[in-house]
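Residue numbers (the working numbering): 185 to 646.
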């Protein structure tokens with residue numbers, strides 16, 4: 185059930201905690217302006233806050249005892265021309281901890297309640313300001329880790345995905361209405377829905393869905409990033425490679441095998457893709473208790489990895505440990521990065537090792553000199569994007585991709601069953617499933633549990 189309770193005015197700090205130039209306390213609800221009037225005094229005489237909208241007013245906030253809290257600029261936005269389509273007040277304070285806390289306390293004492301995470305955007309959705317896909321894009325903009333992820337989120341907030349999905353949903357609904365009309369009025373001339381017309385239109389919708397889904401893999405990579413594990417036997421230069429890729433001395437590097445005992449993570453953005461790099465303990469037989477614990481963490485990291493960079497040592501050549509690890513990684517997205525090529529070029533045995541892993545590319549690099557690193561980075565991006573490289577994605581969220589897949593599968597059933605002469609009521613059921621799946625994306629057919637779960641993942645104040 186939605187947390188939205190009509191009549192409540194809500195408030196929260198809308199800016200990150202800590203010191204800063206400006207901090208914002210946001211208030212929304214029908215009593216927002218009345219609450220502001222109880223705690224705020226404009227500097228200029230004659231300012232009627234009941235008549236102000238979409239402008240800033242300079243003044244001071246006072247607590248319940250009449251003591252000044254902060255010098256502020258207040259923005260008032262009247263319904264329905266606001267983010268939530270309710271009356272909204274934004275109090276721009278100084279960005280210190282106490283200025284924001286005391287201002288929020290004054291607002292709450294004035295009659296507002298503390299907002300739940302995402303409740304401002306939930307109200308925007310429930311009041312028709314945004315659909316569900318656009319609301320999710322707000323959170324994606326905040327969390328974007330790369331320019332490409334940000335571009336996708338801005339496009340979604342602007343309604344491109346919603347318009348495309350909404351058009352497809354309307355087409356499915358038209359077909360559903362025609363089929364149900366034949367069921368209700370079989371003797372009436374309601375147009376041909378069986379046979380060629382139905383099949384042709386369903387195929388057109390399927391083609392559009394397939395186009396959206398082709399870009400989904402890339403969109404999800406851009407939105408969520410990829411867990412990328414650097415793995416290999418001890419002392420092949422995994423830590424040096426992580427430092428080289430990130431451009432900083434993130435990990436201690438020594439000539440002593442087994443220095444890394446834990447999973448150490450750092451992030452880089454390459455080609456618009458956020459790669460979450462993980463340096464791991466070297467895998468080998470034996471080792472002391474700490475090394476064994478480190479290797480257990482390495483194996484757990486490998487299970488969740490979207491990409492594995494298997495690091496080899498050009499100077500040492502391929503060993504039994506390299507071959508065993510390659511065998512363990514069979515079927516996974518893997519790049520073989522042969523390090524220390526400043527000492528010796530990669531031998532033929534490394535090419536044979538890469539050839540034993542389907543789809544594996546071998547890259548020669550030197551973490552010491554930087555040779556081969558740009559090529560390795562490009563190979564990492566190409567591998568995680570796969571066949572979707574070059575697509576212009578509109579779909580990035582897993583929830584949206586799964587809904588599109590359900591709609592596609594339901595329409596495939598329509599084609600198969602229409603061809604086999606199934607009854608119209610079965611075709612109508614499949615069409616309805618496709619229409620509802622598309623409606624889950626924009627929220628027109630999403631249940632309250634789905635909606636609540638989406639908004640609970642938001643931050644406070646948004």
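Virtual Cβ for every residue (Gly too), placed ideally from N, Cα, C.
- Between the alpha carbons of residue 463 and residue 482 lies a distance of about 9 Å.
- Contact between residue 622 and residue 356 is confirmed by a C-beta separation of about 7 Å, below the 8 Å threshold.
- The three-state reading of DSSP puts residue 265 in coil, since its state is none of H, G, I, E or B.
- Cβ neighbours of residue 587 within its own chain (closer than 6 Å, five residues either side excluded): 621, 624, 625.
- According to the DSSP secondary-structure assignment, residue 518 is paired through a beta bridge with 492.
- If you draw a straight line from the Cα of residue 301 to the Cα of residue 513, it comes to about 41 Å.
- In the structure shown, residue 234 falls within a coil segment according to DSSP collapsed to helix, strand and coil.
- By the neighbour-count criterion, in which 16 or more other beta carbons inside 10 Å mark a residue as buried, residue 306 falls on the buried side.
- Here residue 415 is near residue 492, since their CB atoms are less than 8 Å apart.
- Residue 551 is positioned such that its CB atom lies closer than 8 Å to that of residue 428.
- Residue pairing by DSSP puts residue 207 in a beta bridge opposite 277.
- Taken through DSSP and simplified to helix, strand or coil, residue 597 comes out as helix.
- Residue ranges of uninterrupted beta strand (DSSP E) with 3 or more members, entirely inside the region 538-602 and ordered along the chain, are 545-548.
- Residues 195, 196, 197, 198, 274, 275, 277, 284, 287, 288, 291 of the same chain have their beta carbon placed closer than 8 Å to that of residue 209, with the five preceding and five following residues left out of the count.
- The C-alpha of residue 391 is placed about 27 Å away from the C-alpha of residue 367.
- Around the beta carbon of residue 223, a 10 Å sphere encloses 16 or more other beta carbons of the protein chains shown; the residue is thus reported as buried.
- Beyond the five residues adjoining it in sequence on each side, residue 548 comes within less than 6 Å, by CB distance, of 522, 525, 530, 556 in the same chain, given in chain order.
- Close CB contacts of residue 312 within its chain, under the 8 Å cut and outside five residues either way in sequence, are with 269 (chain order).
- Look at residue 297 here: in three-state DSSP terms it is strand.
- In the DSSP assignment, residue 430 falls within the alpha helix (DSSP H) that extends over 422-430.
- Only residues of its own chain outside the window of five on either side were considered, and among them 279 have a CB closer than 6 Å to the CB of residue 205, listed in chain order.
- Comparing alpha carbon positions, the residue from 413, 536, 281 closest to residue 203 is 281.
- Judged by DSSP secondary structure, residue 338 falls within the alpha helix (DSSP H) whose first and last residues are 331-341.
- Secondary structure at residue 305: helix, using DSSP grouped into helix, strand and coil.
- Sorting 253, 310, 619, 303 by C-alpha distance to the C-alpha of residue 641 places 303 at the top.
- For residue 457 against residue 330, the beta-carbon gap comes to about 7 Å, under 8 Å, which counts as contact.
- Residue 294 and residue 328 have their C-alpha atoms some 35 Å from each other.
- Excluding the 5 residues flanking it on each side, residue 326 has same chain C-beta neighbours closer than 8 Å at 643, 646, in chain order.
- Between residue 317 and residue 346, the alpha-carbon positions lie close to 7 Å from each other.
- Residue burial is scored here from C-beta neighbours: residue 610 has fewer than 16 other C-beta atoms within 10 angstroms and is therefore classed as exposed.
- Comparing C-alpha distances from residue 495 to each of 488, 516, 433, 426 shows the shortest one belongs to 426.
- Our two residues, residue 267 and residue 308, have alpha carbons roughly 6 Å apart in a direct line.
- Considering only 589, 344, 636, the residue with the shortest C-alpha distance to residue 617 is 589.
- A straight line joining the alpha-carbon of residue 518 with that of residue 545 spans about 7 Å.
- Contact between residue 260 and residue 233 holds, since their C-beta atoms are separated by about 7 Å, short of 8 Å.
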